[in-house]
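Enquirer: This is the structure I want to talk about, given as structure tokens.
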């Protein structure tokens, strides 16, 4: 459970800034940054702490003294008038509780990062007395001085808060042993070597999943049971014995295929029912845990898993290896994967009760952190079986009735209690969460292994989650996987999002402490995350909607400020379409609004458990729209009183049935789901037989549902809302490369889930007299022109009320192409060192792969100077924290929008002239294959100069001939200045192109501390490659142009070669052909201008291509 990070204290040194000569015999004596179980405060919380020691002979009053983890705010937290006595060890909790009241424990207003940060102790005059150095710490390991107050910093594995550091201290953190082989797949036996950098350590290891323990070399036994008295007359089964053991490493360990070995875990009963064991030993891996011991101190445990299978990897899905001490699972008294003592106790107390099947009187019903056990979690990629994450975490049993299953669902926890790696870091799923603020998040605090359910076929649950997931973030992502426990094959499972406060925090960039969750199952709702007032807030939202007339728009608007209507509608659409008889959902929000997106404080809804779907004996539309439902189930009926909401609900239902719940898409999801797991069902069945588990009849039922349900659902909607008929709306575009149409919430393009690869003409089914919105969205390089067909007009967005089938086309026209591109750009950000005189600055962006740079010459001889020189930072070129968005070019910064937070600037400081010399900047900017050069920047001054003088190098001298504005004024506030070199031939295609910038004014020798500030310096240009207009190509044809992905080339003679260049002449692709046609894939290239040089027979043409 310890987090190991190697840190050699011999490399740490203390920097004492303004160290007081009056140190007052005080010191930081010990700090702890990850307190799991060492000492609790008066609230019972295990907080970080700091110990101050008075090693002098007199009391010292600490009034106004400061503690801080921020060197720019040394008085972040201040002491009251407390007298620390000689020899006193004063404990201050670094808890963020902010208590500085005499007579109470002191608590700072900050916490200490276990990852390492300085802690400053400052006297009341601002003199730093002591600094605890930035050091990464293990959980429950402190950093302390020995001897107290004056000694070196050491690591203490037995911390002594409030007392002397008398234990053994280590100069470096204990590091774990090293394995000679990585986890993963091997096809032959090998010898594994364990080693350690310290020859004095003992390496202890286990092969049974247990924790390596130097005191367990003789083994530890535990009791378990395989037979329970289900009926009142049954005889209780005997207690059986098993054990686990640790070993001292002394020689290489043979790692081979253990599959033929007798099973250890599968022969233990996971529930109260009759034990069913595999007929043959299950497939196996070798698991090994190891740790190092020295001077009674132990390292973190490290774990590895080895699959030695001569036939290779049989799995095309991920594999998970769990290592957990066996008694945590099956011990009669404390195991959580068995019925155990809890069932026998229930039977004794209820001798005539026949409800033996209930899960809630079994050990496996135990919940909460008390029944979370340490578990090593290792995930392996499909096919390769490469280990991609290996974390010491925790494990609990998950679920309600499903806990009674033999192969149970699990929750896996990553915490700092177990490791410094307190997240599982890997892209566990092949799909992203729609609308997630952190779109590419691959961190998980918790994950679920939920392969089966108890309410019906789990395949139903998987299919409905997967179908809706691309458009609704209120369902879980699901990835089937194989899991092993302690090296034994355990069966088919599925990795799922654990939708909790950490899920919302990590994926929507929110504070997990601010997340509120209300868990509703059927008519019952209860607080899941948050405080009692948060539950009251849910009740207030619910009751406002139920007790106010939603047909009054003001009332509905108020409701919409509390409940996100899109999220609510999506969850109802899924529940109704699936005909789900198990209504489990969670309302969640942030307590304190922080933005206008998912941190806006509105309630949103997630749903789970669709095993009980396909129940078409009830009209679920009527059922959920009934205003007489229980209060917690009556929201839909109340909201439907509002006409706008009613239209929104009907149209969203139609949109979803036209996309992800449309027959072909839905049935593709069904078939993929069954195909994905079918190769593994035989082995899973041999491990433990299951019912309602990916059976062929379930696949048939789901395919029938996908085929028949949409029309049946539309009929239910028609009947409930008195809608006359279903209307086909056919949408088309003038050019699929030019733009697309959005209807209601559907963007009709191939990237949209449920929309075909070649979407146009697209047909959607909607309802007569229900208004739909149409929006024409042009692609870059195009603009919307007009609508045609059954709708006309030039507004790109309009609302239509269909009365019969409709055909509508959006027409687009091409915009003039701007061939000018950013060639070089200087982004002035924090990468430029502050308060540092510069000699030059390289461009941060180059579109042609060439180096552009700024060279600075100062008017002062000897520049740059060091800090001790009187002219340090005089007549210098430096960073200046003076951002502006003027002339900022996002395309030169990976399309990141302007943000003042990331921007700085540069400055040229006075004096600008001295002793006949002057300050100037020289810009070296190669213009190979470029013409129409333009140079620009943003500039301002606080009085240092009046004008900028610009000239260029003609090969022998600096000249300004041909420049229309060689002299420009310098404004008081930022403005852009641009210099056009289009008519200066030497600026074109010139490897040695250089520009010089000088400054002029009334008196350039003065030094008032003023400066000229520059920002967002850029050079733009156009390619000089000769271009043939493709419209005139009679011998070589290229189409489509513009394109989004593929370009077709056709020629009358054989094409010998086709070369694709970017706008700066850099070769991107080259194709040797020898045929009359060729297709080039440009799908992964950035949008912009390209040039295609084609050789065909005696002809060679260069054609300009536009990639959208």
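In this note's numbering, the protein residues as written are 1 to 1108.
Backbone N, C-alpha and C define an ideal beta-carbon position, used for all residues, glycine too.
1) If you check the beta carbons only, do residue 822 and residue 845 fall under 8 Å apart?
2) Would residue 30 and residue 126 be called neighbours here (beta carbons separated by less than 8 Å)?
3) May I ask you to report which of helix, strand or coil DSSP gives residue 707?
4) Helix, strand or coil for residue 958 per DSSP?
5) Could you spell out the range, first to last residue, of the beta strand (DSSP E) harbouring residue 979?
6) Do residue 789 and residue 807 come within 8 Å of each other at the CB atom, strictly closer than that value?
7) So what does DSSP say about residue 221, is it helix, strand or coil?
8) Where DSSP assigns a beta bridge to residue 174, which residues make up the other side?
9) Where do the N-terminal and C-terminal ends of the beta strand (DSSP E) with residue 726 fall, by residue?
10) Using three-state DSSP, classify residue 1105 as helix, strand or coil.
11) Which class does residue 648 belong to by DSSP, given the choice of helix, strand or coil?
12) Take residue 463 and list the residues in its own chain whose beta-carbon comes closer than 7 Å to its own, dropping the five residues that flank it on each side.
13) Using a Cβ-Cβ cut-off of 8 Å, state whether residue 608 counts as contacting chain C.
14) Kindly indicate the opening and closing residues of the alpha helix (DSSP H) around residue 415.
15) I'd like to check one pair, residue 402 with residue 409: are the Cβ atoms closer than 8 Å?
16) Between the alpha carbons of residue 976 and residue 567, how many angstroms are there, rounded?
17) Would you tell me roughly how many angstroms separate the C-alpha atoms of residue 204 and residue 500, rounded to the nearest one?
18) Tell me the DSSP bridge mates of residue 947?
19) Whole angstroms are fine: how far does the CA of residue 1055 sit from the CA of residue 1094?
20) With burial defined as no fewer than 16 other Cβ atoms inside 10 Å of the residue's Cβ, what is the status of residue 494: buried or exposed?
21) Within 10 Å of its beta-carbon, does residue 321 have 16 or more other beta-carbons around it, so buried, or fewer, so exposed?
22) In the DSSP output, which residue or residues are listed as bridge partners for residue 517?
23) Return the Cβ separation of residue 930 and residue 1022 in integer angstroms, given the expectation that the two are a contact with Cβ distance under 8 Å.
24) Let me check understanding here. Comparing Cα to Cα, which of 414, 606, 439 lies closest to residue 519?
25) In angstroms, rounded to a whole number, what distance separates the CA positions of residue 653 and residue 666?
26) Measuring only the C-alpha atoms, how far is residue 177 from residue 342?
27) Could you check the C-alpha separation between residue 1053 and residue 1072 for me, to the nearest Å?
28) Please name the residue in 637, 995, 148 whose C-alpha comes closest to that of residue 853.
29) When burial is assigned at 16 or more other CB atoms within 10 Å of the CB, is residue 1036 buried or exposed?
30) Does the Cβ-Cβ distance between residue 48 and residue 33 come in under 8 Å?
31) Comparing C-alpha positions only, which one of 592, 645, 490 sits nearest to residue 569?
32) Is the Cβ-Cβ distance between residue 156 and residue 142 less than 8 Å?
33) Among 525, 502, 524, 521, whose alpha-carbon lies nearest the alpha-carbon of residue 514?
34) Quick one: grab the DSSP three-state call for residue 163.
35) Counting only the same chain and skipping the five closest in sequence on each side, list residues whose C-beta sits under 6 Å from that of residue 610.
36) Rounded C-beta distance between residue 345 and residue 364? I'm assuming under 8 Å.
Expert: Let me spell this out:
1) For the purposes of this step, residue 822 is taken as the residue at position 822 of the chain shown. For the purposes of this step, residue 845 is taken as the residue at position 845 of the chain shown. Yes, these two residues count as a Cβ contact at 8 Å.
2) For the purposes of this step, residue 30 is identified with residue 30 of the chain shown, where counting begins at 1. For the purposes of this step, residue 126 is identified with residue 126 of the chain shown, where counting begins at 1. In this structure, residue 30 lies away from residue 126, with their beta-carbon atoms at least 8 Å apart.
3) Taking the first residue of the chain shown as position 1, residue 707 is located at position 707. Reduced to three states, the DSSP call for residue 707 is helix.
4) As a first step, residue 958 is located in the chain shown; it is residue number 958 there, counting from the start. Strand, per DSSP.
5) Within the chain shown, residue 979 is the residue found at index 979, counting from 1. Here the beta strand (DSSP E) through residue 979 covers 975-980.
6) As a position in the chain shown, residue 807 is number 807, starting the count at 1. As a position in the chain shown, residue 789 is number 789, starting the count at 1. Cβ atoms of residue 807 and residue 789: closer than 8 Å.
7) Position 221 of the chain shown, counting from 1, holds the residue named residue 221. In this structure, residue 221 counts as strand in the three-state DSSP scheme.
8) Along the chain shown, one-based indexing puts residue 174 at 174. Answer is none; residue 174 lacks a bridge partner.
9) Against the chain shown, residue 726 aligns to sequence position 726. It spans 726-733 - the beta strand (DSSP E) in which residue 726 sits, taken as one unbroken run.
10) On the chain shown, residue 1105 is found 1105 positions in, with the first residue counted as 1. Note: residue 1105 maps to strand in three-state DSSP.
11) Translated into the one-based positions of the chain shown, residue 648 becomes position 648. DSSP places residue 648 in helix when its eight states are reduced to three.
12) Here residue 463 corresponds to residue number 463 of the chain shown, with the count starting at 1. Only 669, 670, 673, 702 meet the Cβ criterion.
13) The chain inventory of the structure shown lacks chain C, comprising one protein chain alone.
14) Within the chain shown, residue 415 is the residue found at index 415, counting from 1. No alpha helix (DSSP H) holds residue 415; DSSP gives it neither H nor E.
15) Here the question's residue 409 lines up with position 409 in the chain shown. Here the question's residue 402 lines up with position 402 in the chain shown. Yes, Cβ-Cβ distance for residue 409 and residue 402 is below 8 Å.
16) Working through the chain shown from its first residue, we reach residue 976 at position 976. Working through the chain shown from its first residue, we reach residue 567 at position 567. So the alpha carbons of these two residues sit roughly 46 Å apart.
17) Here residue 204 refers to the residue found at position 204 of the chain shown. Here residue 500 refers to the residue found at position 500 of the chain shown. A direct Cα-to-Cα measurement between residue 204 and residue 500 gives close to 37 Å.
18) Counting from 1 along the chain shown, the entry for residue 947 is found at position 947. Looking at the DSSP output, residue 947 sits in a beta bridge with 969, 1000.
19) Position 1094 of the chain shown holds residue 1094. Position 1055 of the chain shown holds residue 1055. For the pair residue 1094 and residue 1055, the Cα-to-Cα distance works out to about 7 Å.
20) Here residue 494 is taken as the residue at index 494 of the chain shown, counted from 1. By the 10 Å Cβ count, residue 494 comes out buried.
21) Against the chain shown, residue 321 aligns to sequence position 321. Buried, since its Cβ has 16 or more Cβ neighbours within 10 Å.
22) Sequence index remark: in the chain shown, residue 517 carries index 517 (1-based). According to DSSP, residue 517 bridges with 529, 588.
23) For the purposes of this step, residue 930 is taken as the residue at position 930 of the chain shown. For the purposes of this step, residue 1022 is taken as the residue at position 1022 of the chain shown. Right, their Cβ atoms sit about 7 Å apart.
24) Your numbering for residue 519 matches position 519 in the chain shown. Closest by alpha carbon: 606.
25) Indexing the chain shown from 1 puts residue 653 at position 653. Indexing the chain shown from 1 puts residue 666 at position 666. So the alpha carbons of these two residues sit roughly 15 Å apart.
26) The residue given as residue 177 occupies position 177 in the chain shown. The residue given as residue 342 occupies position 342 in the chain shown. For residue 177 and residue 342, the distance between alpha carbons rounds to 40 Å.
27) Numbered from its first residue, the chain shown carries residue 1053 at position 1053. Numbered from its first residue, the chain shown carries residue 1072 at position 1072. Distance between the alpha carbons of residue 1053 and residue 1072: 14 Å.
28) To locate residue 853, count along the chain shown from 1; it is residue 853. That would be 995, whose Cα lies nearest to the Cα of residue 853.
29) Within the chain shown, residue 1036 is the residue found at index 1036, counting from 1. Residue 1036 is buried by the Cβ-count criterion.
30) Taking the chain shown and counting its residues from 1, one reaches residue 48 at position 48. Taking the chain shown and counting its residues from 1, one reaches residue 33 at position 33. A contact, by the Cβ cut-off of 8 Å.
31) Taking the first residue of the chain shown as 1, we reach residue 569 at position 569. Taking only the C-alpha atoms, the option nearest residue 569 is 645.
32) To locate residue 156, count along the chain shown from 1; it is residue 156. To locate residue 142, count along the chain shown from 1; it is residue 142. Cβ atoms of residue 156 and residue 142: closer than 8 Å.
33) Walking along the chain shown from the start, residue 514 turns up at place 514. Looking at the Cα atoms, 502 is the closest of the given residues.
34) As a working mapping, residue 163 is identified with position 163 in the chain shown. When DSSP states are grouped into helix, strand and coil, residue 163 belongs to the coil group.
35) The count along the chain shown starts at 1 and reaches residue 610 at position 610. Taking residue 610 as the centre and dropping the five residues before and after it, the same chain places the C-beta of 460, 461, 464, 578, 580 closer than 6 Å to its C-beta, in chain order.
36) On the chain shown, position 345 is the one that residue 345 refers to. On the chain shown, position 364 is the one that residue 364 refers to. Not quite, the Cβ-Cβ distance comes to about 14 Å (not below 8 Å), so this is no contact.
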